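Under full-length UniProt numbering, residue 491 is the last one in the sequence shown; the count climbs by one each step, no gaps.
Using N, Cα and C, we set each Cβ at its ideal position, and we do this for glycine too.
Since this is a predicted model, take the numbers as computed values, not measurements.
Worksheet: the structure to be examined is printed underneath.
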Amino acid sequence: MSEEILINVTPRETRVGVIENGMLQEVYVERASRRGYVGNIYKGRVQRVMPGMQAVFVDIGLERAAFLHAADILRPPLPEDAEPPPGGAHAMAIGELVQEGQEIIVQVVKDPIGSKGARLSTHLSIPSRYLVLLPHSRTLGVSARIEDEAERARLKEVMAALVGEDPLGYIVRTNAEGQSAEALAFDVTYLGKVWRVVQENIARARVGERVYEELSLPLRCLRDLLNEDIEKVRVDSHETFDKALKFVRKFMPSLADRIELYEGERPIFDLYGAEDEIQRALTKQVPLKSGGYLIIDQTEAMTTIDVNTGGYVGSRNLEETVYRTNLEAAQAAARQLRLRNLGGIIIIDFIDMTDEEHRRQVLRTLEKGLARDHAKTTVYPMSPLGLVEMTRKRTTESLERQLCEPCPACGGRGTVKTAETVTYEIFREITRAVRQFSAQALLVLASPKVVGRILEEESAAVAELEEFIAKSIRFQAEEHYAQEQFDVVLL
1 MSEEILINVT PRETRVGVIE NGMLQEVYVE RASRRGYVGN IYKGRVQRVM
51 PGMQAVFVDI GLERAAFLHA ADILRPPLPE DAEPPPGGAH AMAIGELVQE
101 GQEIIVQVVK DPIGSKGARL STHLSIPSRY LVLLPHSRTL GVSARIEDEA
151 ERARLKEVMA ALVGEDPLGY IVRTNAEGQS AEALAFDVTY LGKVWRVVQE
201 NIARARVGER VYEELSLPLR CLRDLLNEDI EKVRVDSHET FDKALKFVRK
251 FMPSLADRIE LYEGERPIFD LYGAEDEIQR ALTKQVPLKS GGYLIIDQTE
301 AMTTIDVNTG GYVGSRNLEE TVYRTNLEAA QAAARQLRLR NLGGIIIIDF
351 IDMTDEEHRR QVLRTLEKGL ARDHAKTTVY PMSPLGLVEM TRKRTTESLE
401 RQLCEPCPAC GGRGTVKTAE TVTYEIFREI TRAVRQFSAQ ALLVLASPKV
451 VGRILEEESA AVAELEEFIA KSIRFQAEEH YAQEQFDVVL L
């Protein structure tokens, strides 16, 4: 599988695209006006303790107070001779862990999404290329994605020798598979230096100040995504190219030759049709090669994906047609989840299949498609109705929520009232206004389409209404009015 990373930099926006086999699979966007907060560490102050929710709101200097649940709060170590509380340390009430007004060091684990504030944790973690530092833990773990038992044992042995009596904990990342003891030792030293700087920042920081900032998007993607499978990293900015090259030479010198300055005439995201793919990822319908299609609906509660055969009629029988469509849909759905960065609860409505083996194969295809996803996914068995429930870890807003806003005409509903409906609302409003206030005549301001309908198809109704209220009504079309917008003015 050929893989490339494209980095597009403009003065106020940076975009990173991950290309696999010539197709855009993931896209990350970071804007100067709205940089993400995930990974940043702050000195905060507890604003409100909510025992009923076992949580607190914390002021960390952002627009909205951030949310910290009891499960994400580091438990104080028990004295050696003390008995653990009934139910274990995790059973401690929120009021025993933190108090209102208390200063607290927290890390953002989920960006503010919609109307919700950022999600916090006091279990701090600082990632490097191959390791994650856990400053408040003595854990020494290895990523579950490294499945080879011999390699897991080797990595644990290397880390145990490097760490020795170090009171800090570490998790070995998937990227560390096959890496030498020297490479891991470099990361241990680097993380030790970073943690010392963070401690110094904590000591002098005021409430609401950031004490550790996650890397910028290009460097973060290089740290997390660059490996032997990536053939090239193309960067279209001299300044970002220099920073990327310096970063890679320091942390992954063997891959430095993969970083390339892109100076082509075509915009970098026009390569492999990445720009077109982003535009298509903002639409609800996803066409399948067979003629079928997916309909993707993102709501506050969950995301639903509906599979339809469309124009695909197959060549054998109905069951075979449905099976082929569902197989293609499973691959397409897995890709769209990554591309659109959809998270939370996801329901995929496959077309009903009677063959149990077909159902198993479709589920297996979906799981295989999700195997390369960097976000944690959990897929549950297919229900009798052909529904697959799954979850995908969400830490940032989806691509649509980052790039779009609710339509001002429909308020995000996706539909607007018809001109006929608005016409009858205007008639009701005229009747209401005349009963409440005295007026010689009335002026109605509305969109051209609504006014046109009233003057043509509803002219008889207007005459009846004028006779009923004993007042004249004048209609005026306003070009800038949305279809549902109108004003009744008393003259």
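The residues ALA181, in chain order, have a CB closer than 8 Å to that of ALA161 in the same chain once the five nearest residues on each side in sequence are set aside. Straight-line spacing of the CA atoms in ASP349 and ILE295 works out to 10 Å. Take the alpha-carbon of GLU165 and the one of GLU157: they are about 14 Å apart. For the pair GLY44 and ILE104, the CB atoms are nearer than the 8 Å cut-off. Contact check for ALA185 against GLY17 fails: the beta carbons are separated by 8 Å or more. If you ignore the 5 residues before and after SER383, its C-beta comes within less than 8 Å of the C-beta of GLU389, all in its own chain and listed in chain order. Fully contained in the segment 119–173 are the following beta strand (DSSP E) runs of length 3 or more, in chain order: 119–121, 131–134, 140–142, 169–172. About 32 Å separates the CB atoms of ILE345 and GLU4; that is not less than 8 Å, and the two are not in contact. Residue burial is scored here from C-beta neighbours: ALA409 has fewer than 16 other C-beta atoms within 10 angstroms and is therefore classed as exposed. Take the alpha-carbon of PHE67 and the one of ALA375: they are about 22 Å apart. Between the beta-carbon of GLY292 and that of GLU328 there is about 7 Å, and that keeps the pair under the 8 Å contact cut.
DSSP places TYR190 in the uninterrupted alpha helix (DSSP H) bounded by 181–204.
The Cβ neighbour count for GLN99, taken over all protein chains shown within 10 Å, is under 16; the residue is labelled exposed. Across the set HIS238, VAL198, SER115, the C-alpha of HIS238 shows the shortest separation from the C-alpha of GLU263. The alpha carbon of VAL27 has as its nearest neighbour, out of GLN47, LEU443, HIS480, ARG340, the alpha carbon of ARG340. Under the three-state reduction of DSSP output, LEU455 falls in the helix class. Collapsing the DSSP output to three states places ALA332 in a helix. Beta-bridge analysis with DSSP links LYS116 to ILE113. Residue pairing for ASP306: DSSP places it in a beta bridge opposite ILE295, ASP349. Out of GLU214, THR391, GLU484, ARG435, the CA that lies nearest to the CA of GLY411 is found in GLU484.
Residue state for ALA65 is assigned as coil, using DSSP reduced to three classes.
Membership of ASP355 in any beta strand (DSSP E) is not indicated, and neither H nor E is assigned to it by DSSP. Two segments are said to touch when three or more pairs of C-beta atoms, one from each, lie closer than 8 Å; by this definition the segment 352–366 does not touch the segment 392–410. Collapsing the DSSP output to three states places ALA301 in coil.
In the DSSP annotation of this structure, PRO406 is not part of any alpha helix (DSSP H), being labelled neither H nor E.
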